[in-house]
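Have a look at the structure below before the remarks.
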């Protein structure tokens, strides 16, 4: 059994987010995107900011809706 962590995730530029459970930061970004369908940009992608509820570091990921690719924000 894999341990999950609770993360707070929100779309970049949005003050509204949700708590999601995942095993990784990247997994939390994908879970947030799948559950809450944030608005995409002109490249059919969205930037998701993720931080564990226990106060760990914040991470940003770009989730591409056209091919499902997830990458760190650059």
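In our numbering, the protein residues as written are -19 to 54.
Positions of the beta carbon are idealized from the N, C-alpha and C atoms, including for glycine.
DSSP-derived helix/strand/coil call for residue i
i: residue 13; result: helix
i: residue 7; result: helix
i: residue -18; result: coil
i: residue 41; result: strand
i: residue -8; result: coil
Buried versus exposed, by CB contacts within 10 Å (16 or more), residue i
i: residue -1; result: exposed
i: residue -11; result: buried
i: residue 37; result: exposed
Test item: CB-CB of residue i and residue j under 8 Å
i: residue 2; j: residue 11; result: yes
i: residue 18; j: residue 26; result: yes
Whole-angstrom distance between residue j and residue i, CA atom to CA atom
i: residue 21; j: residue 13; result: 13 Å
i: residue 88; j: residue 46; result: With the chain covering only -19 through 54, there is no way to say anything about residue 88.
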